[in-house]
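Chemist: Right, I'll just put the structure down here and ask away after.
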Amino acid sequence: MDHPLNLTVDGQEHTLAVDPRTTLLDALRDRLGVMSPKKGCDHGQCGACTVLVDGRRLNSCLALALSHDAAAVTTSDGLATDGELSPLHRAFLEQDAFQCGYCTPGQVCSAAGMLQEAADDAPSVVTEDLEAPVDLTDEEIRERMSGNLCRCGAYVNIVAAVSQAAEESR
Amino acid sequence: MNPFDYIRTTDTADAVAVLTERPDAVFLAGGTNLVDHLKLGVTEPGLVVDINGLDLTDIEVLDDSGLRIGAMVRNSDAAADMRVRRDYPMLSRALLSGASGQLRNAASMGGNLLQRTRCVYFQDTSTPCNKREPGSGCSAIGGYTRYHAILGASQDCVATHPSDMAVALAALDATVVVLGPHGERRIPVDELHRLPGEQPERDTILEHGELITALELPPPRAGRSTYRKIRDRASYAFALVSVAATVDVDDSGPKPVIREAAIALGGVAHKPWRARAAEAVLRGAEPNEKTFLQAADAELAAAEPLEGNRFKVQMARGAITTVLTELTGGPESKLDDTTEDAHE
Ligand SMILES: Cc1cc2nc3c(=O)[nH]c(=O)nc-3n(C[C@H](O)[C@H](O)[C@H](O)COP(=O)(O)OP(=O)(O)OC[C@H]3O[C@@H](n4cnc5c(N)ncnc54)[C@H](O)[C@@H]3O)c2cc1C
Ligand code: SF4
Ligand code: FES
Ligand code: FES
Chain A
117 MDHPLNLTVD GQEHTLAVDP RTTLLDALRD RLGVMSPKKG CDHGQCGACT VLVDGRRLNS
177 CLALALSHDA AAVTTSDGLA TDGELSPLHR AFLEQDAFQC GYCTPGQVCS AAGMLQEAAD
237 DAPSVVTEDL EAPVDLTDEE IRERMSGNLC RCGAYVNIVA AVSQAAEESR
Chain B
153 MNPFDYIRTT DTADAVAVLT ERPDAVFLAG GTNLVDHLKL GVTEPGLVVD INGLDLTDIE
213 VLDDSGLRIG AMVRNSDAAA DMRVRRDYPM LSRALLSGAS GQLRNAASMG GNLLQRTRCV
273 YFQDTSTPCN KREPGSGCSA IGGYTRYHAI LGASQDCVAT HPSDMAVALA ALDATVVVLG
333 PHGERRIPVD ELHRLPGEQP ERDTILEHGE LITALELPPP RAGRSTYRKI RDRASYAFAL
393 VSVAATVDVD DSGPKPVIRE AAIALGGVAH KPWRARAAEA VLRGAEPNEK TFLQAADAEL
453 AAAEPLEGNR FKVQMARGAI TTVLTELTGG PESKLDDTTE DAHE
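Read top to bottom, the protein sequences are chains A and B. Its first residue numbered 117, the first sequence is counted upward by one per residue in the working numbering. Its first residue numbered 153, the second sequence is counted upward by one per residue in the working numbering.
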């Protein structure tokens, strides 16, 4: 039986009815035509489906849409304002941080969520002093972005892009 | 995916009552394990009860100065909580070594404890597996066993429990608070998960309908602690072997003596493996390499590795001794995960 679902996606409100089996990723892509998040593995193993839900990065392929009724979802598209790329988007362009681009919307959302986590001083497993403020070294960026795979292997430039965006946001 | 019904509940008693009435119902927390299993056909419930609306998201200091962490606290929030970072760094680091940033934002404390094995045959419904389908056989025995058990396995199942967090909780002597049809009960985390025996389909001693409401940590222990994870890639991979350890050394006498030690191993058994034989060797002994090797060997004497995971015995031996060496290396040794000695 279908259940009602309210979602605000990139600032736009939607009301729809979904079968409980629908994942957030499928609701976005198949039901709402929001194609920014990608389906890579569909099992939480690649990060291509990463979106921000109420500001936190999540794998939308492992979330039931109904669990996120009334949530505000931001995709990589939604990080741009009035057609203007965000500093994070520009950093990806300037650092040549992609090849085919399939993983990129997930990388961008993951980076956006991660930069906020670091700004909130959330530690990572490579943070030496768990109680100290976070210093976003390349090692920290690699660890914090490890949930996003890139089949083209653009990792080196992705780290550079995220590092640039982190510098610019300071 | 098989069709199922869905309800969302905001009341713990109600959540328990619904499951008690419906043998085919399951709880849904972060969904990072359950939704995967729904897709794979590993689990085919008739009803999914969403517990994301339950008011189980607090972290509170207890009267005895321990810490109570609600079952719906997200893994990332627990790891970033300053009290956890300061007083239970081993738990913070175990949580942070699991999965990815995105997954930890979704994963709950209760769901992490009750996540199921990553045995590839368990996840593949086209192969026999006693855990998924009792009596069908175990495809891992004689198959791919790199991630399988070397301790406490049975003829029927050689799977490991994949949680990093649970290994730290075992070393910390945490308590799991559970609400069931007959009220609340409290279970030492070491007694929550079972060894497979002849019933590998049962991961834990929980009965259908029992809801984990919180984890309770005893007051912070004296001494130093850490969590070390060895895996096939640097991040975003399950443990081959992991070690959670706390050691408290008495330096007041002519020779240092180990006052207390608690060790748990991950990646080696069907449950977080509390290394009590190793602890017994350490208690009262002088902290040196010989003691550490004796302790590791005492624990691993019972190891029965499989064709594909013989390396784990040596890996666990090395991990235990390395961690103990670091934890007892004096203040000048480079250590991230120390809780300063709380002894007066
Ligand atoms: C690609 C990938 C990599 C991963 N790597 C790691 C890793 O390296 N280390 C690690 O430890 N974990 C790892 N994980 C697993 C992850 O930590 C778990 O999936 C997560 O912790 C489960 O929590 P959840 O809230 O999402 O649980 P759910 O998926 O919602 O639930 C899991 C199970 O617990 C039950 N349940 C949930 N909450 C309760 C409750 N309060 N009371 C009773 N029953 C409950 C559910 O019914 C279900 O059976 C990984 C997962 C993925 C997908
Ligand atoms: S090890 Fe356990 S989970 Fe894996 S196939 Fe055998 S019975 Fe199934
Ligand atoms: S599609 Fe969601 S993690 Fe791969
Ligand atoms: S740019 Fe092609 S997968 Fe990352």
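Glycine is no exception: its CB is placed at the ideal position from the N, C-alpha and C atoms.
Comparing the C-beta of A:Val241 with each C-beta of chain B, is any distance below 8 Å?
Modeler: For the purposes of this step, residue 241 of chain A is taken as residue 125 along the first sequence, with counting starting at 1. It does; some Cβ of chain B falls within 8 Å.
Chemist: Just by C-beta distance, which residues in the region 300-330 of chain B are closer than 9 Å to chain A?
Modeler: none
Chemist: Counting only beta-carbon separations shorter than 8 Å, does A:Pro120 have a partner in chain B?
Modeler: Here residue 120 of chain A is taken as the residue at index 4 of the first sequence, counted from 1. No, because no Cβ of chain B sits closer than 8 Å to the Cβ of A:Pro120.
Chemist: Is there a Cβ from chain A that is less than 8 Å from the Cβ of B:Gly253?
Modeler: Counting from one through the second sequence, the residue named residue 253 of chain B turns up at place 101. Yes, its Cβ sits closer than 8 Å to a Cβ of chain A.
Chemist: Taking 8 Å as the threshold (beta carbon to beta carbon), is B:Val178 in contact with chain A?
Modeler: Within the second sequence, numbered from 1, the residue matching residue 178 of chain B stands at position 26. Answer no: the Cβ-Cβ gap between B:Val178 and chain A never drops below 8 Å.
Chemist: Is the Cβ of A:Asp170 closer than 8 Å to any Cβ of chain B?
Modeler: One-based indexing of the first sequence puts residue 170 of chain A at position 54. With 8 Å as the cut-off, A:Asp170 does not count as an interface residue toward chain B.
Chemist: Buried or exposed: B:Ser315, going by 16 or more other Cβ atoms within 10 Å of its Cβ?
Modeler: Locating residue 315 of chain B in the second sequence gives position 163, where the first residue counts as 1. Of the other Cβ atoms in all chains shown, 16 or more fall within 10 Å of the Cβ of B:Ser315; this residue is therefore buried.
Chemist: Taking 8 Å as the threshold (C-beta atoms), are B:Val341 and B:Ala318 in contact?
Modeler: In the second sequence, counting from the first residue as 1, residue 318 of chain B sits at position 166. In the second sequence, counting from the first residue as 1, residue 341 of chain B sits at position 189. Yes, they are a contact pair.
Chemist: If the cut is a Cβ gap below 8 Å, which residues of chain B does A:Gly163 touch?
Modeler: As a first step, residue 163 of chain A is located in the first sequence; it is residue number 47 there, counting from the start. Within 8 Å Cβ-Cβ: Ser252, Gln254.
Chemist: State the Cα-Cα distance for the pair B:Ala448 and A:Ala234, rounded to the nearest angstrom.
Modeler: Counting from 1 along the second sequence, the entry for residue 448 of chain B is found at position 296. Counting from 1 along the first sequence, the entry for residue 234 of chain A is found at position 118. The straight-line gap from Cα to Cα measures roughly 38 Å.
Chemist: Rounded to whole angstroms, what is the Cα-Cα separation between B:Pro348 and B:Cys271?
Modeler: Numbered from 1 along the second sequence, position 196 holds the residue referred to as residue 348 of chain B. Numbered from 1 along the second sequence, position 119 holds the residue referred to as residue 271 of chain B. So the two alpha carbons sit approximately 13 Å from each other.
Chemist: Since B:Ile221 sits in a beta bridge, which residues does DSSP pair it with?
Modeler: Translated into the one-based positions of the second sequence, residue 221 of chain B becomes position 69. Note: B:Ile221 sits in a beta bridge opposite B:Ile211, B:Leu367.
Chemist: Given this structure, state the Cα-to-Cα distance separating B:Asp239 from B:Ser217, to the nearest angstrom.
Modeler: For the purposes of this step, residue 239 of chain B is taken as residue 87 along the second sequence, with counting starting at 1. For the purposes of this step, residue 217 of chain B is taken as residue 65 along the second sequence, with counting starting at 1. Each residue's alpha carbon lies about 10 Å from the other.
Chemist: Strictly below 7 Å CB to CB, what residues from chain C border B:Met153?
Modeler: The displayed structure is made up of protein chains A and B, and chain C is not among them.
Chemist: Listing by chain order, which chain A residues have their CB less than 7 Å from the CB of B:Ser257?
Modeler: Walking along the second sequence from the start, residue 257 of chain B turns up at place 105. Looking at the sequence provided, one finds Asn at residue 257 of chain B rather than Ser. Here the neighbours are Arg172, Arg173, Leu174.
Chemist: Tell me the start and end of each unbroken beta strand (DSSP E) in the region 167-195 of chain B that is at least 3 residues and wholly inside, in chain order.
Modeler: Along the region 167-195 of chain B, the beta strand (DSSP E) occurs as fully enclosed runs of 3 or more residues at 177-180, listed in sequence order.
Chemist: Between the region 273-283 of chain A and the region 200-209 of chain A, do at least 3 Cβ pairs fall closer than 8 Å?
Modeler: yes
Chemist: Taking the straight line between their C-alpha atoms, what separation do you get for B:Gly287 and B:Cys281?
Modeler: Along the second sequence, read from residue 1 onward, the residue named residue 287 of chain B stands at position 135. Along the second sequence, read from residue 1 onward, the residue named residue 281 of chain B stands at position 129. Going from the Cα of B:Gly287 to the Cα of B:Cys281 covers about 8 Å.
Chemist: On the DSSP bridge assignment, give the partners of A:Asn302 in chain order.
Modeler: Limits of chain A in this structure are 117 at one end and 286 at the other, which puts residue 302 of chain A out of reach.
Chemist: Between B:Asp176, B:Asp188, B:Leu199, which lies nearest to A:Met117 when the distance is taken from Cα to Cα?
Modeler: Taking the first residue of the first sequence as position 1, residue 117 of chain A is located at position 1. With distances taken between Cα atoms, A:Met117 lies closest to B:Leu199.
Chemist: Roughly how many angstroms lie between the CA atoms of B:Asp276 and B:Gly405, to the nearest whole one?
Modeler: Within the second sequence, residue 276 of chain B is the residue found at index 124, counting from 1. Within the second sequence, residue 405 of chain B is the residue found at index 253, counting from 1. About 57 Å.
Chemist: Could you pull out every residue in the same chain whose Cβ sits closer than 7 Å to the Cβ of B:Leu190, ignoring the five residues on either side in sequence?
Modeler: As a position in the second sequence, residue 190 of chain B is number 38, starting the count at 1. So the qualifying residues of the chain are Met153.
Chemist: Report yes if the C-beta of B:Ala421 is less than 7 Å from at least one heavy atom of ligand 1; otherwise report no.
Modeler: Locating residue 421 of chain B in the second sequence gives position 269, where the first residue counts as 1. No, Cβ of B:Ala421 sits at least 7 Å from all heavy atoms of ligand 1.
Chemist: For A:Leu252, which residues of its own chain have a beta-carbon under 6 Å away from its beta-carbon, when the five flanking residues on both sides are left out?
Modeler: Within the first sequence, residue 252 of chain A is the residue found at index 136, counting from 1. Result list for A:Leu252: Ala234, Ala282, in chain order.
Chemist: If you measure from the beta carbon of B:Ala169 to each beta carbon in chain A, is any gap under 8 Å?
Modeler: The residue given as residue 169 of chain B occupies position 17 in the second sequence. False, the Cβ-Cβ gap to chain A never drops below 8 Å.
Chemist: Whole angstroms are fine: how far does the CA of A:Leu180 sit from the CA of B:Asn185?
Modeler: Residue mapping note: residue 185 of chain B aligns to position 33 of the second sequence, counting from 1. Residue mapping note: residue 180 of chain A aligns to position 64 of the first sequence, counting from 1. Their Cα atoms are separated by approximately 12 Å.
Chemist: What did DSSP end up calling B:Pro348 once you bin it into helix, strand or coil?
Modeler: Position 196 of the second sequence, counted from the start, is the residue given in the question as residue 348 of chain B. Here B:Pro348 sits in coil by DSSP.
Chemist: Quick check on the burial criterion: 16 or more other C-beta atoms within 10 angstroms. Buried or exposed for B:Glu492?
Modeler: Counted from its first residue, the second sequence places residue 492 of chain B at position 340. Because the pLDDT at B:Glu492 is just 40, under 50, the model does not fix this residue reliably, and the value given afterwards should be weighed accordingly. Exposed is the call here.
Chemist: Comparing the C-beta of A:Asp146 with each C-beta of chain B, is any distance below 8 Å?
Modeler: For the purposes of this step, residue 146 of chain A is taken as the residue at position 30 of the first sequence. With 8 Å as the cut-off, A:Asp146 does not count as an interface residue toward chain B.
Chemist: I want to see whether chain A comes within less than 8 Å of B:Ala391, judged by CB atoms only; does it?
Modeler: Here residue 391 of chain B is taken as the residue at index 239 of the second sequence, counted from 1. No, because no Cβ of chain A sits closer than 8 Å to the Cβ of B:Ala391.
Chemist: Answer yes or no: the CB of A:Phe208 versus the heavy atoms of ligand 4, is any distance below 7 Å?
Modeler: To locate residue 208 of chain A, count along the first sequence from 1; it is residue 92. The answer is no for A:Phe208.
Chemist: Please report the straight-line C-alpha distance between A:Gln161 and B:Ser291, rounded to a whole angstrom.
Modeler: In the first sequence, residue 161 of chain A corresponds to position 45, counting from 1. In the second sequence, residue 291 of chain B corresponds to position 139, counting from 1. Using only the alpha carbons, I get a separation of about 24 Å.
Chemist: What are the boundary residues of the alpha helix (DSSP H) that includes B:Val420?
Modeler: The residue you call residue 420 of chain B lines up with position 268 of the second sequence. Segment: none, B:Val420 is in no alpha helix (DSSP H) and carries neither H nor E.
Chemist: With a cut-off of 8 Å on the beta carbons, I'd call B:Thr161 and B:Val201 a contact; round off their distance for me.
Modeler: Taking the second sequence and counting its residues from 1, the one referred to as residue 161 of chain B is at position 9. Taking the second sequence and counting its residues from 1, the one referred to as residue 201 of chain B is at position 49. Sure, about 6 Å apart at Cβ, within 8 Å.
Chemist: As a quick exercise: from B:Arg268, B:Asn264, B:Tyr296, pick the residue whose alpha carbon is nearest that of B:Asp279.
Modeler: As a first step, residue 279 of chain B is located in the second sequence; it is residue number 127 there, counting from the start. Note that residue 279 of chain B corresponds to Thr in the displayed sequence, not to Asp. That would be B:Tyr296, whose Cα lies nearest to the Cα of B:Thr279.
Chemist: Give the secondary structure of B:Ala501 by DSSP, where H, G and I count as helix, E and B as strand, and everything else as coil.
Modeler: The structure shown has nothing for residue 501 of chain B, since chain B only spans 153 to 496.
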